[in-house]
Amino acid sequence: MPFSRRSFLQNLFAGAAVAGQEWKPAPTVAPPGPRPVLVETPDLPKLPFTIDNGVKVFRLVAEPVKTTFLPERPVDCWGFNGSMPGPAIEVTQGDRVRIIVENRLPEIFSAHWHGLEVPPEVDGVPGLGIDPIPPGGSRTFEFSLHQHGTFFYHSHMPMQEMMGMIGLFIVHPPQAYEPRVHRDFGLIWQGWSILPNNTVPNTLAMEFNWLTINGKAGPDTTPMIVKTGERVRIRMVNLSMDHHPIHLHGNTFYTVGTEAGRIPQPWEPGNTVIVGVAQARDIEFDAVYPGDWMLHCHLPHHMMNQMGSSIRGEVVPNYPLGEHAAMGHATHPGMPPAAPEAWAVKGYPQDMWMVMDDAMAAKPENHGLRPGWSAAMMGMMTLVRVVDPPTFDRIQALKAGQQKGGR
Ligand SMILES: [Cu+2]
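According to my numbering, the sequence shown is numbered sequentially starting from 315.
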């Protein structure tokens, strides 16, 4: 959406007003009750369960999934229960779970419970402790959970992992960790190789051109919405071919958990944490600075999607989004043009600016973002939006209206 000179000036003056104020943290708000708050998983569902004689019973279906990383960027991947990544399993330490796994893939499959201390016959390594599940078959996994923390489930076939077969497995302690958080988020970081005009990931490739958080690439990642003064936890799991240095703007956090659970205090402060392959890292911070704060992988090639490939000097789009098709070199609506002799400068062009506000407009979590925001969000990027209570309530109302009206 091109924005007018007038709105540009309004934004400029709004920014000047904020800059004139004293920059200081807002007060923290009172902690919530002693029970853990439920995890929010932007863009991902939770796996429902029934209770049979005190056992939580889940049904997990391994199957091909059609999805989009961005609007009009279709992808044929594999996942669970129609979702990629799969729906999050959320339980409590001490629970006994029964997970009925059905294989609707065209080949053998086995589910592994990553980090959970369970007997070898349910660990899910095909051939070692158990036979693989044949296509059309199913198997029941039943075990008790004596740990707590951020775990995940995934296929134990590596190429199936690269097709998207992973999901969060969150185990809460019976009493919330101290200090208690108001918001608890779960994110899965993945990398993909998908060539122009293809919808199927090339799982044999060693170079990765699409980077996703919970199955979406920026700017289609859904922001995490937080009220000023709340304490926030973000759980991050990486299943890809690269380690991701995850950076949070404008805030200092503590890394409070790994894939093996809670880290004892004292915690080390930071603003960038490496989430290695197959690791989980939980970070926490007090959201005392209002603003829209970027959370992203800091590997430069992970801070963009591959919108095109340069073939004999021509840009071939990897992305059929109509007028947005190519990388918008040289001219951008509402932005200053490139210098007159730009092509004489070796290395030109490098910018990847592409405003897609209109394609993202329907998402309540994007309400009130500055015009042009979407151009800054690419690849492995999302937002933590620390907003005042009226804005928070407005976004909740928009979400409720959208659920009622459908999308
Ligand atoms: Cu990365």
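No residue lacks a Cβ here, since even glycine has one placed at the ideal position from N, Cα and C.
Because the structure is a prediction, the values reported are computed rather than measured.
{"Check": "Does the beta-carbon of G529, which I'm using as the reference point, lie nearer than 8 Å to any heavy atom of ligand 1?", "Outcome": "no"}
{"Check": "Quick check on DSSP: helix, strand or coil for M315?", "Outcome": "Residue confidence is low: M315 scores 36 on pLDDT, short of 50, so the model does not pin down where it sits. Its coordinate-derived value is still stated next. Looking at M315 - three-state DSSP - the assignment turns out to be coil, as it is neither helix nor strand."}
{"Check": "Straight-line CA distance for R595 to A658?", "Outcome": "46 Å"}
{"Check": "Based on DSSP bridge pairs, tell me the residues matched to K370.", "Outcome": "I365 and V411"}
{"Check": "Assuming contact is defined by CB atoms lying nearer than 9 Å, are I548 and E492 in contact in what I supplied?", "Outcome": "no"}
{"Check": "I need the boundaries of the alpha helix (DSSP H) containing P559, first residue and last residue.", "Outcome": "From DSSP, P559 is part of no alpha helix (DSSP H) but of the beta strand (DSSP E) over H558 to L562."}
{"Check": "Please list, following the chain, all residues that have a C-beta closer than 5 Å to any non-hydrogen atom of ligand 1.", "Outcome": "H558, C611, L613 and H616"}
{"Check": "To the nearest angstrom, how far is it from the Cα of L737 to the Cα of S554?", "Outcome": "Because the chain in this structure spans residues 315 to 721, residue 737 falls outside the shown range and cannot be described."}
{"Check": "Taking contact to mean 3 or more Cβ pairs, one atom from each stretch, closer than 8 Å, check whether the segment 413-427 and the segment 464-473 are in contact.", "Outcome": "yes"}
{"Check": "Determine whether the beta carbon atoms of A592 and E573 lie at a separation below 9 Å.", "Outcome": "yes"}
{"Check": "Which residue's Cα is closest to the Cα of A673: G686, G661, P446 and T542?", "Outcome": "G686"}
{"Check": "My output table needs one value for R708: the three-state DSSP class, helix, strand or coil.", "Outcome": "helix"}
{"Check": "Of the choices R494, Q474 and S458, whose alpha-carbon is the least far from that of P759?", "Outcome": "Any answer about residue 759 is impossible in this case: the structure gives the chain only from 315 up to 721."}
{"Check": "Would DSSP call W657 helix, strand or coil?", "Outcome": "helix"}
{"Check": "I need the straight-line Cα distance from S397 to H616, nearest angstrom please.", "Outcome": "23 Å"}
{"Check": "Do you know whose CA, among R412, T566 and D534, lies nearest T696's CA?", "Outcome": "D534"}
{"Check": "Tell me whether H460 is buried or exposed, calling it buried when 16 or more other Cβ atoms sit within 10 Å of its Cβ.", "Outcome": "exposed"}
{"Check": "Considering only the beta carbon of each residue, do V495 and R545 sit closer than 9 Å?", "Outcome": "yes"}
{"Check": "L525 bridges to which residues according to DSSP?", "Outcome": "G505"}
{"Check": "For G505, does the count of other Cβ atoms within 10 angstroms reach 16, so buried, or fall short, so exposed?", "Outcome": "buried"}
{"Check": "What did DSSP end up calling H426 once you bin it into helix, strand or coil?", "Outcome": "strand"}
{"Check": "Unbroken beta strand (DSSP E) runs of length 3 or more, entirely within the segment 524-602: which are they?", "Outcome": "524-527, 538-541, 545-552, 558-562, 567-572, 586-589 and 594-600"}
{"Check": "Can you give me the Cβ contacts of V570 inside the same chain, cut-off strictly under 6 Å, excluding the 5 residues immediately before and after it?", "Outcome": "I577, W581, D596 and E598"}
{"Check": "Beta-carbon separation of D390 and K380 under 9 Å?", "Outcome": "yes"}
{"Check": "Exposed or buried, M641, counting other C-beta atoms within 10 Å across all chains shown (16 or more means buried)?", "Outcome": "Confidence at M641 is low in this model, with a pLDDT of 45, below 50, so the placement of that residue is unreliable and no value is reported for it."}
{"Check": "Per DSSP, which one or two residues make a beta bridge with P472?", "Outcome": "Beta-bridge pairing links P472 to no other residue."}
{"Check": "How many angstroms separate the CA atom of E386 from the CA atom of M520?", "Outcome": "25 Å"}
{"Check": "Report the option in L374, G438, R410 and G393 whose CA atom is closest to the CA atom of G368.", "Outcome": "R410"}
{"Check": "Please report the distance separating the alpha-carbon of L518 from that of S507.", "Outcome": "9 Å"}
{"Check": "May I ask you to list the residues that DSSP assigns as paired with K338?", "Outcome": "Note: K338 sits in no beta bridge, so no partner."}
{"Check": "Ignoring anything shorter than 3 residues, give me the beta strand (DSSP E) runs that lie fully in the segment 446-490, in order along the chain.", "Outcome": "452-458, 463-469 and 480-486"}
{"Check": "Leaving out five residues before and five after R418 in sequence, what residues of the same chain have Cβ atoms less than 7 Å from its Cβ?", "Outcome": "V375, A376 and E377"}
{"Check": "Quick one: using the 10 Å Cβ neighbour count with 16 as the cut-off for buried, is V439 buried or exposed?", "Outcome": "exposed"}
{"Check": "Please state the DSSP three-state secondary structure of A344.", "Outcome": "coil"}
{"Check": "Could you give the first and the last residue of the continuous alpha helix (DSSP H) run that contains P434?", "Outcome": "P434 to D437"}
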